[in-house]
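Residue numbers (full-length UniProt numbering): 1 to 151. All C-beta atoms, glycine included, are put in the ideal place defined by N, C-alpha and C. Given the structure is predicted, the values throughout are model-derived calculations rather than measurements. See structure below.
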Ligand SMILES: [Zn+2]
């Protein structure tokens with residue numbers, strides 16, 4: 001018998017939000033794309049209905065991302081439904097890199113959802129992984145895989 005060892009949290013993405021994320025990812029190729037996610041917590045996870053693309057001002061945007069400070073500040077001031085971060089891995093799988101984990105403390109205090117996208121094998125389709133940002137007892141942050149669902 002198969003046993004379920006953990007109940008994964010669910011990240012629900014609205015159809016329009018999923019489309020906008022994919023469009024932004026392809027528009028920014030070959031560079032990393034980034035932006036923030038608005039939505040709300042639900043029982044068992046969170047629901048994301050808005051994607052806000054942001055400028056990537058990393059000196060090496062092929063391999064990293066830094067949110068434009070103006071874009072970031074504007075969204076932080078806009079309301080309480082800021083729940084997550086998205087960025088892309090144009091040349092690798094959508095799994096957190098060491099650099100991503102190093103950057104977590106920058107966002108961990110305010111955001112709970114963390115999405116990474118990569119171009120899929122089929123044109124126009126992306127591979128999207130979702131994580132929740134967890135705060136440890138030592139004050140550090142980590143990522144736990146979630147199920148990403150679309151409607
Ligand atoms: Zn990354």
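Residue span of the alpha helix (DSSP H) that contains residue i, given as start and end
i	result
residue 133	Residue 133 -> not in any alpha helix (DSSP H); beta strand (DSSP E) instead, spanning 126-135.
residue 42	Where residue 42 is concerned, there is no enclosing alpha helix (DSSP H), although the beta strand (DSSP E) it sits in stretches over 34-42.
residue 77	69-77
residue 107	98-107
Cα-Cα separation, residue i to residue j
i	j	result
residue 124	residue 67	24 Å
residue 47	residue 147	12 Å
residue 93	residue 74	30 Å
residue 57	residue 43	35 Å
residue 54	residue 72	8 Å
residue 98	residue 137	21 Å
residue 139	residue 51	28 Å
residue 49	residue 149	12 Å
Span of the beta strand (DSSP E) around residue i
i	result
residue 113	113-119
residue 53	45-54
residue 24	Element bounds for residue 24: not the beta strand (DSSP E) but the alpha helix (DSSP H), 15-28.
Counted within 10 angstroms of its Cβ, other Cβ atoms place residue i as buried (16 or more) or exposed
i	result
residue 156	What is shown of the chain runs 1 to 151, which leaves residue 156 out entirely.
residue 32	buried
residue 16	exposed
residue 108	buried
residue 113	buried
residue 91	exposed
residue 156	The shown model of the chain, from 1 to 151, leaves out residue 156, and the question about it has no answer.
Distance cut-off 8 Å: residue i Cβ against heavy atoms of ligand 1
i	result
residue 116	yes
residue 61	no
residue 65	yes
residue 89	yes
residue 99	yes
residue 53	no
residue 30	no
residue 119	no
State whether the region 38-52 contacts the region 66-84, with contact taken as three or more CB pairs (one from each stretch) at a distance under 8 Å.
In this structure the region 38-52 lies against the region 66-84, because at least three pairs of beta carbons, one per stretch, are closer than 8 Å.
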